[in-house]
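According to my numbering, the stretch in the sequence shown is residues 15 to 465, in order.
No residue lacks a Cβ here, since even glycine has one placed at the ideal position from N, Cα and C.
Just so we're clear, the structure is a prediction, and the values are computed from it rather than from any experiment.
One structure below.
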Amino acid sequence: MKFYSHSTKENDKIIGTKEIKDHLNQVLKLAIESLNKTSFSDLYSSSIEDIIKYTCLFHDLGKYTSYFQDYLLKENDTGSLRYHSDISAIFAFNYLKYSNVFNNDKRSYFPFWVYYLIKHHHLSLKSLKDQNLFGNNPAGFKNNYQLKRNNLINNNDLISDEFSIQNISNFLDLPLEEDIINRANWLKGREKNIENYFYVLYCFSLLIEADKLNASGTEVYLPKKIPVERLDKYLEGKNKTKKQINTDRNEVRALVCSEENINKIIEKKGIYTLTAPTGIGKTLTSLNLALELKKRLDEKGQNTQIIYCLPFINIIEQTSKEFEALFSDITILKHHQYSDIFSKKEENENTNSIENKLMELECWQGDLIITTFVQFLHTIIGNKNKLLKKFHHLSNSIIILDEVQAINIQYWPLIGAVLHYLVKFLNSKIILMTATKPLIIESTKKYLLQN
Numbered sequence: 015m016k017f018y019s020h021s022t023k024e025n026d027k028i029i030g031t032k033e034i035k036d037h038l039n040q041v042l043k044l045a046i047e048s049l050n051k052t053s054f055s056d057l058y059s060s061s062i063e064d065i066i067k068y069t070c071l072f073h074d075l076g077k078y079t080s081y082f083q084d085y086l087l088k089e090n091d092t093g094s095l096r097y098h099s100d101i102s103a104i105f106a107f108n109y110l111k112y113s114n115v116f117n118n119d120k121r122s123y124f125p126f127w128v129y130y131l132i133k134h135h136h137l138s139l140k141s142l143k144d145q146n147l148f149g150n151n152p153a154g155f156k157n158n159y160q161l162k163r164n165n166l167i168n169n170n171d172l173i174s175d176e177f178s179i180q181n182i183s184n185f186l187d188l189p190l191e192e193d194i195i196n197r198a199n200w201l202k203g204r205e206k207n208i209e210n211y212f213y214v215l216y217c218f219s220l221l222i223e224a225d226k227l228n229a230s231g232t233e234v235y236l237p238k239k240i241p242v243e244r245l246d247k248y249l250e251g252k253n254k255t256k257k258q259i260n261t262d263r264n265e266v267r268a269l270v271c272s273e274e275n276i277n278k279i280i281e282k283k284g285i286y287t288l289t290a291p292t293g294i295g296k297t298l299t300s301l302n303l304a305l306e307l308k309k310r311l312d313e314k315g316q317n318t319q320i321i322y323c324l325p326f327i328n329i330i331e332q333t334s335k336e337f338e339a340l341f342s343d344i345t346i347l348k349h350h351q352y353s354d355i356f357s358k359k360e361e362n363e364n365t366n367s368i369e370n371k372l373m374e375l376e377c378w379q380g381d382l383i384i385t386t387f388v389q390f391l392h393t394i395i396g397n398k399n400k401l402l403k404k405f406h407h408l409s410n411s412i413i414i415l416d417e418v419q420a421i422n423i424q425y426w427p428l429i430g431a432v433l434h435y436l437v438k439f440l441n442s443k444i445i446l447m448t449a450t451k452p453l454i455i456e457s458t459k460k461y462l463l464q465n
């Protein structure tokens, strides 16, 4: 018997599209390929591949029940018995707790991370203080769990063979709720809890993006080289007249994009500011700098995206037109609440291809992303599943925040602190642009000192 993770309907007939074992291995492959260089502590960095491996391999194990298969392939209403995340998470927790994967005392709480990530892979992330194993109805949860457990054990031979695990029943007993809560509390009280935040969001993003891209059949974009020479030539032609403003623009660009400046940004972590008067050409100068940085970083083997953030949608539309005129042969994504995924729709496109376009947009499958402050800030400071798919794309990316003074001043300390940690843990290169020197960096100090 074949067990499927996903299905589709063709000519009013439901057919399975992906076997569970294939889906799990494909998600793992995609997540590992998406891993980028990070700067977490040695303990976290050395464990990240194991966390990703077991999170991806076990996240849909609960779909091997007949309850889920009947729901998927026959549209039978099996109620909450079809839910697979909890039992998948508990299996992973038990397996990692009793195996030698995380045998170091300092890594003894890592099985909880895998449990937490799997449990939430169809949900928004919840606070560590809300880790109630049995939910609001403990008796109902335990009864349902026992039914699903017994159902899974009926398929022990197949599952054991596909996962190379001798007896899955050894890892399906409900853990003590205190075991879950104690590990969550230990992490919650950990001195470096800000590192936990970025680590969990990074791992979660790798899982849910890979899961949703694979499930939807959306192709992963292959980065293209962006010809920086094309922009150089365009700017030279645009600014060749001897008007004073063009002289000033050329001087600013030469200074900002100098070899010395580029080397400094690549070699030294930090948040950089480009402060210059309106009309001096900050937009194209910053793009020129970003392209030079991307070229150097790509040569070092890093997967670098350019993420250009603006406060208003009308400015995004204007900026994207200018960028698209220059680089029509690369993938430029405009991501805001009114993004038109139908603008290039072909006559023969079906619903699936439209869903793929939406997935490409939400997962930032492009070379150059132009987005709003809202999209960017809700990704770095948030818990929503839909928004966190793209979080890991911030790693090693060049992030430009244009007109940063448009952000409400009351949010500056928090945003400045989060930008600091993006640089620290994810190696992001951040450039803030404004006509007046922003105080956002100075206002972070009280947050940084507290953490």
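(request) Could you tell me which residues DSSP puts in a beta bridge with residue 30? (result) Position 16 of the sequence shown, counting from 1, holds the residue named residue 30. Bridge partners of residue 30: 21.
(request) State the beta-bridge partners of residue 468 as determined by DSSP. (result) Outside the modelled stretch of the chain, which goes from 15 to 465, sits residue 468, for which no answer is possible.
(request) Just confirm the distance between the C-beta atoms of residue 220 and residue 98, as a whole number of angstroms; I'd bet it's less than 8 Å. (result) Residue mapping note: residue 220 aligns to position 206 of the sequence shown, counting from 1. Residue mapping note: residue 98 aligns to position 84 of the sequence shown, counting from 1. Contact annotation, residue 220 with residue 98: C-beta distance approximately 20 Å; criterion of less than 8 Å not satisfied.
(request) At 4 residues or longer, and completely inside the segment 104-162: list those alpha helix (DSSP H) runs for me, N to C. (result) Whole alpha helix (DSSP H) segments, 4+ residues: 124-133.
(message) For the alpha helix (DSSP H) containing residue 392, name the first residue and the last one.
(response) Position 378 of the sequence shown, counting from 1, holds the residue named residue 392. Looking at the DSSP string, the run of the alpha helix (DSSP H) that includes residue 392 is 387-394.
(message) Please state whether the Cβ-Cβ distance between residue 17 and residue 78 is less than 8 Å.
(response) Here the question's residue 17 lines up with position 3 in the sequence shown. Here the question's residue 78 lines up with position 64 in the sequence shown. Between residue 17 and residue 78, the C-beta gap is smaller than 8 Å, which places the two residues in contact.
(message) When you compare the CB positions of residue 376 and residue 348, do they come within less than 8 Å of one another, or not?
(response) Numbered from 1 along the sequence shown, position 362 holds the residue referred to as residue 376. Numbered from 1 along the sequence shown, position 334 holds the residue referred to as residue 348. No; because the gap between Cβ atoms is not below 8 Å, this pair is not in contact.
(message) What does the alpha-carbon distance come out to for the pair residue 410 and residue 397?
(response) In the sequence shown, counting from the first residue as 1, residue 410 sits at position 396. In the sequence shown, counting from the first residue as 1, residue 397 sits at position 383. Cα-Cα distance, rounded: 21 Å.
(message) Check for me: the beta strand (DSSP E) holding residue 323 runs from which residue to which?
(response) What you label residue 323 is simply residue 309 of the sequence shown in a count that begins at 1. Residue 323 -> beta strand (DSSP E) spans 320-324.
(request) Note down the Cα distance separating residue 172 from residue 328, rounded to an integer number of angstroms. (result) Position 158 of the sequence shown, counting from 1, holds the residue named residue 172. Position 314 of the sequence shown, counting from 1, holds the residue named residue 328. Distance between the alpha carbons of residue 172 and residue 328 is about 55 Å.
(message) Just to confirm my understanding: we take residue 287, look at its own chain, exclude 5 residues before and 5 after, and list those with CB closer than 6 Å. What are they?
(response) For the purposes of this step, residue 287 is identified with residue 273 of the sequence shown, where counting begins at 1. Cβ neighbours of residue 287 beyond the five flanking positions: 446.
(request) May I have the straight-line CA-CA distance separating residue 137 from residue 394, to the nearest angstrom? (result) Position 123 of the sequence shown, counted from the start, is the residue given in the question as residue 137. Position 380 of the sequence shown, counted from the start, is the residue given in the question as residue 394. Residue 137 and residue 394 have their C-alpha atoms roughly 17 Å apart.
(request) Pull up the distance between the alpha-carbon of residue 76 and that of residue 439, whole angstroms please. (result) Reading the sequence shown from its first residue, position 62 is the one you call residue 76. Reading the sequence shown from its first residue, position 425 is the one you call residue 439. Answer to the nearest angstrom: the Cα atoms are 33 Å apart.
(request) With DSSP collapsed to three states, give me the class of residue 414. (result) For the purposes of this step, residue 414 is taken as residue 400 along the sequence shown, with counting starting at 1. Strand.
(request) Would you mind stating whether residue 276 and residue 306 have Cβ atoms separated by less than 8 Å? (result) As a first step, residue 276 must be located in the sequence shown, where it is residue number 262. As a first step, residue 306 must be located in the sequence shown, where it is residue number 292. Yes, Cβ-Cβ distance for residue 276 and residue 306 is below 8 Å.
(request) Could you name the residues of the same chain whose beta carbon sits closer than 6 Å to that of residue 449, not counting the 5 residues immediately before and after it, in chain order? (result) For the purposes of this step, residue 449 is taken as residue 435 along the sequence shown, with counting starting at 1. If we look at residue 449 and ignore the five residues flanking it on each side, its Cβ neighbours are 291 and 292.
(request) Buried or exposed for residue 379, please, with buried defined as at least 16 other CB atoms from any protein chain shown within 10 angstroms of its CB. (result) Against the sequence shown, residue 379 aligns to sequence position 365. That one is buried.
(message) Within the continuous alpha helix (DSSP H) that includes residue 309, where are the two ends?
(response) For the purposes of this step, residue 309 is taken as residue 295 along the sequence shown, with counting starting at 1. Note, residue 309: alpha helix (DSSP H), 296-313.
(message) Using 8 Å for Cβ pairs, my map puts residue 121 next to residue 57. What's the rounded Cβ distance?
(response) Looking up residue 121 in the sequence shown gives position 107. Looking up residue 57 in the sequence shown gives position 43. With a Cβ gap of about 7 Å, residue 121 and residue 57 count as contacting.
(message) Do residue 124 and residue 195 count as a contact pair if the criterion is CB distance below 8 Å?
(response) The residue labelled residue 195 in the question sits at position 181 within the sequence shown. The residue labelled residue 124 in the question sits at position 110 within the sequence shown. No, the Cβ-Cβ distance between residue 195 and residue 124 is not below 8 Å.
(request) Look at the alpha carbon of residue 258 and the alpha carbon of residue 387, and state the distance between them as a whole number of angstroms. (result) Here the question's residue 258 lines up with position 244 in the sequence shown. Here the question's residue 387 lines up with position 373 in the sequence shown. Near 33 Å, if we compare the C-alpha coordinates of residue 387 and residue 258.
(request) Rank 281, 38, 294 and 234 by C-alpha distance to the C-alpha of residue 261 and give the top, closest one. (result) If you number the sequence shown from 1, residue 261 lands on position 247. Measuring from the Cα of residue 261, the nearest candidate turns out to be 294.
(request) Compute the distance between the beta-carbons of residue 167 and residue 183, then report whether it is under 8 Å. (result) Taking the first residue of the sequence shown as position 1, residue 167 is located at position 153. Taking the first residue of the sequence shown as position 1, residue 183 is located at position 169. Cβ distance < 8 Å, so residue 167 and residue 183 count as in contact.
(request) Identify the continuous alpha helix (DSSP H) that holds residue 276 and give its terminal residues. (result) The residue you call residue 276 lines up with position 262 of the sequence shown. For residue 276, the uninterrupted alpha helix (DSSP H) segment begins and ends at 273-281.
(message) Quick check on DSSP: helix, strand or coil for residue 348?
(response) As a first step, residue 348 must be located in the sequence shown, where it is residue number 334. Annotated three-state conformation of residue 348 is strand, per DSSP.
(message) According to DSSP, simplified to helix, strand and coil, what is residue 49?
(response) For the purposes of this step, residue 49 is taken as residue 35 along the sequence shown, with counting starting at 1. Annotated three-state conformation of residue 49 is coil, per DSSP.
(request) Name the two residues that bound the continuous alpha helix (DSSP H) containing residue 259. (result) Taking the sequence shown and counting its residues from 1, the one referred to as residue 259 is at position 245. Residues 258-270.
(message) Give me, in chain order, the residues of the same chain whose beta-carbon lies closer than 8 Å to that of residue 26; leave out the 5 immediate sequence neighbours on both sides.
(response) As a position in the sequence shown, residue 26 is number 12, starting the count at 1. For residue 26, there are no CB contacts under 8 Å within the same chain when 5 residues up- and downstream are skipped.
(message) Please state the DSSP three-state secondary structure of residue 188.
(response) Numbered from 1 along the sequence shown, position 174 holds the residue referred to as residue 188. DSSP, reduced to helix, strand and coil, places residue 188 outside both helices and strands of the structure shown, so it counts as coil.
(message) Does residue 382 come out as helix, strand or coil in the three-state DSSP assignment?
(response) For the purposes of this step, residue 382 is taken as the residue at position 368 of the sequence shown. Here residue 382 sits in strand by DSSP.
(message) Under DSSP, the alpha helix (DSSP H) around residue 211 begins and ends at which residues?
(response) One-based indexing of the sequence shown puts residue 211 at position 197. 207-230 is the span of the alpha helix (DSSP H), which, as asked, contains residue 211.
(request) Could you pull the start and end residues of the alpha helix (DSSP H) that residue 339 belongs to? (result) As a working note, residue 339 is residue 325 in the sequence shown. Unbroken alpha helix (DSSP H) run through residue 339: 327-340.
(message) Tell me which residues share the same chain as residue 222 and place their Cβ nearer than 7 Å to its Cβ, disregarding the 5 neighbours each side in the sequence.
(response) Here residue 222 is taken as the residue at index 208 of the sequence shown, counted from 1. Correct list, in chain order: 135, 399, 402 and 403.
(request) Please list, in chain order, all residues of the same chain as residue 81 whose beta carbon is under 7 Å from its beta carbon, the five residues on each side excluded. (result) Walking along the sequence shown from the start, residue 81 turns up at place 67. For residue 81, the CB contacts under 7 Å within the same chain, skipping 5 residues up- and downstream, are 92, 95, 96, 162 and 165 in chain order.
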